[in-house]
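Okay, structure first, notes after.
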Amino acid sequence: MNLDFSQIVPYIPFMLEGIWVTLKFVSVCIVVGFILGTLLALCKITKIPLLKWLADAYTSIFRGTPLILQLMIIYFAVPQLTGYDISAFLSAVLAFGLNSAAYVSEIIRAGILAVDKGQTEAAQALGVSYKQMMKDIILPQALKNILPALMNEFITLTKESAIVSVIGYLDLMRRAQIVGADIYRNFEPLLFAGLIYWVMVYILTMLGKVVERRLRVSD
Amino acid sequence: MIEVANLVKSFGNNTVLENISTSFQQGEVVAIIGPSGSGKSTFLRCLNLLEQPSLGNITVNEEEITLKEVNKIKVRKQIGMVFQHFHLFPHMTVLENVTYAPLKVRNVKKSEAQSLAKQLIDKVGLTDKLDTYPNQLSGGQKQRVAIARALAMDPEVMLFDEPTSALDPEMVKEVLDVMKDLAQTGMTMIVVTHEMNFAKEVADRILFLDEGKLIEEGDPILFFSNPKTQRAKQFLDKIL
Ligand SMILES: Nc1ncnc2c1ncn2[C@@H]1O[C@H](COP(=O)(O)OP(=O)(O)OP(=O)(O)O)[C@@H](O)[C@H]1O
Ligand SMILES: [Mg+2]
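Residue numbers (the working numbering), protein chains in the order written: chain Y, -9 to 209; chain E, 297 to 536.
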C-alpha cells in the first residue's frame, strides 16, 4: 500500500470548488424540503380528508421508493415525457427537495402533535386565529422539540447528496471520481472527499447544537 | 348577559350535559360546583365554544353564539378563560404572554399593549417578573400571569376552570386574592371551583351540577347552610 497525496495537489482547487457546489445544492434542498415539509405536515393534521390523503400518499411514495430512482426518473424520464431538457441541478434539487419534504413532514407532524393540547386551547380561548396560532405558538414549540431530528435529516441529506454524481452533477463526489480517473489513483481523492464530507457534517452538527442552546433559554 | 337555554352536550352517545338552562347577569360572580365528572368543565367550555354544544342555545350579549355561521373568534374575544393547568406560552416571557393576544387579535399598538400589560401584571403583583419565562415561575405566579393574559383582551366575562386545583396549598390564597379583587371591580365571573370558602364568600350564586344536570341553583349562604336537594346535601357532607 503506497499512498501518494502529492498527485492530487494540483486538483485541490477543483475539488474544493465541489464543496461550494455541494453546499449550494444541499442548502437549496433543505429550504425546499423544509417549506414543503411544513406545508405537508399542516395538511396531515387538518380535518380535511382530501388534503390528509394527498399528503399521506405523497409521503408514502417518496419514502417507499429509492432516492436514486426518484433522481433518475426526474433527470432521464422527464425530458422523454415532456421534451423539456431538465438540468442536472434542477433535477437534483427536485429529487432531494421533494424526498426530504416527505421525511421532514413526518418529523414536523410528530412535533406538532407532541405540543400540549392546552396550548391550542389557550390560544383559541384568547381568540387567536388558526394561522397565527400555528405560526406563533404551536410551530415554534414543535420546532424546538424536533430540532435534533431535523438536524439529523439535514445531515443525512448532506451525505446522500453524493448520489447526484450519477447524473453528472459536478458535486464534490463527482469531482473526486474525475480526479481519480485523471491520475489513475482513486484512494487519495476519495479519501480527501470523505474528509471534506466529514468536516461539513461536523460543522452542521455544531451549528445544530448552537441553535439548540439558543432555543433553550426558556427552559 | 349570557343566556343558556336547554344546553345539551354529548360525546358520541355519552351525554355529558343534559338540558341545562340558566343565565348570568353583568357583574355577577357565579360558582359552579359538583362532583368530578359531573360536566362542570364541559359546561364552561361550551360557553366559549371550545366545545360545540350538541343542542340548545347560548346567547352572549343578545347574540346567539350557537348558530352555525357564528364567528368563534369574535365570541372568544369577549370571553376570557383561565385553566387549571395555566397553559402559559412557554417560549414567551411574562410580558410577551400578556401582550400577545392584544397585539395579534385586537391589533393594539405595541406601546399601548405593553403599558396595558404592565398595568395588569402589576395588578397581579408580578412586576418584577416581566422578562421571566414561565418555567421559572411558581404555580401561583403562573396562574396569576394567566389571569393577566386573559384580562389583557379586555373581556366582558371571565371563565375559571378550577384555577387553584393544581396549586400547592400555600399558593392558593395568592390566586384567590387576585380573583377577589377582580370580583370587586365588577367583572362578570363564572368559576368552577372546589374552594368552598371562596364560593361562600365571593360568589353571588351557586350552580350545583351532578351527572350532567343542573340540580340546584341559588344563594351561597342558603345553599351551604340548607341545600334543597338530597344530592347537594350528600355532596356537601362529603367535602365539608
Ligand atoms: N373530549 C371529550 N370526549 C369524550 N368525553 C369527554 C370529553 N370531555 C369530557 N368528557 C366526559 O364528560 C364528562 C364530564 O367531564 P368534565 O370534564 O366536564 O367533568 P368535570 O365536572 O369538569 O370533572 P372534574 O371535576 O374532574 O374536572 C366525563 O365523563 C368525561 O369523561
Ligand atoms: Mg373539570
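All C-beta atoms, glycine included, are put in the ideal place defined by N, C-alpha and C.
| Item | Value |
| --- | --- |
| As assigned by DSSP and simplified to three states, the class of E:M454 | strand |
| Alpha helix (DSSP H) segment containing Y:F4, residue limits | 2 to 34 |
| Interface flag, Y:P138 vs chain E, CB-CB below 8 Å | no |
| Any chain E beta carbon closer than 8 Å to Y:E202 | no |
| E:N310 beta carbon near ligand 1 (any heavy atom closer than 7 Å) | yes |
| C-beta atoms of Y:V94 and Y:L57 nearer than 8 Å | no |
| Partners in chain Y for E:V295, counting only beta-carbon separations shorter than 9 Å | The structure shown has nothing for residue 295 of chain E, since chain E only spans 297 to 536. |
| E:K336: CB within 7 Å of a non-hydrogen atom of ligand 1 | yes |
| For E:D506, three-class secondary structure by DSSP | strand |
| Contacting residues, own chain, Cβ-Cβ under 6 Å from E:G436 (five flanking each side not counted) | L463, M467, E470, V471 |
| Closer than 8 Å to chain E by CB, Y:A210 | Shown here, chain Y extends from -9 to 209; a query on residue 210 of chain Y therefore has no answer. |
| Residue range of the unbroken beta strand (DSSP E) whose run includes Y:I128 | Per DSSP, Y:I128 belongs to no beta strand (DSSP E) and is neither H nor E. |
| Cβ-heavy atom distance, E:F456 to ligand 1, below 7 Å | no |
| Proximal chain E residues relative to Y:D126, where beta-carbon distance stays under 8 Å | Y396, K400 |
| Short Cβ contact (8 Å threshold) for E:G308 with E:L505 | no |
| Bridge partner(s) assigned by DSSP for E:G333 | Bridge partners of E:G333: none, in fact. |
| Local Cβ density within 10 Å of Y:L197, reported as buried at 16 or more and exposed below that | exposed |
| Residues near Y:A138 in its chain [Cβ-Cβ closer than 8 Å; skip 5 each side] | First, the amino acid is wrong: residue 138 of chain Y is Pro here, not Ala. Cβ neighbours of Y:P138 beyond the five flanking positions: G198, E202. |
| Y:L47 classed as buried or exposed, judged by whether at least 16 other C-beta atoms fall within 10 angstroms | Residue 47 of chain Y is actually Ala in this sequence, not Leu. Answer is exposed; the Cβ neighbour count stays below 16. |
| Distance between beta carbons of Y:G87 and Y:V22, contact taken as under 8 Å | 3 Å |
| Sequence-distant residues of the same chain with beta carbon closer than 8 Å to Y:L103, five excluded per side | I35 |
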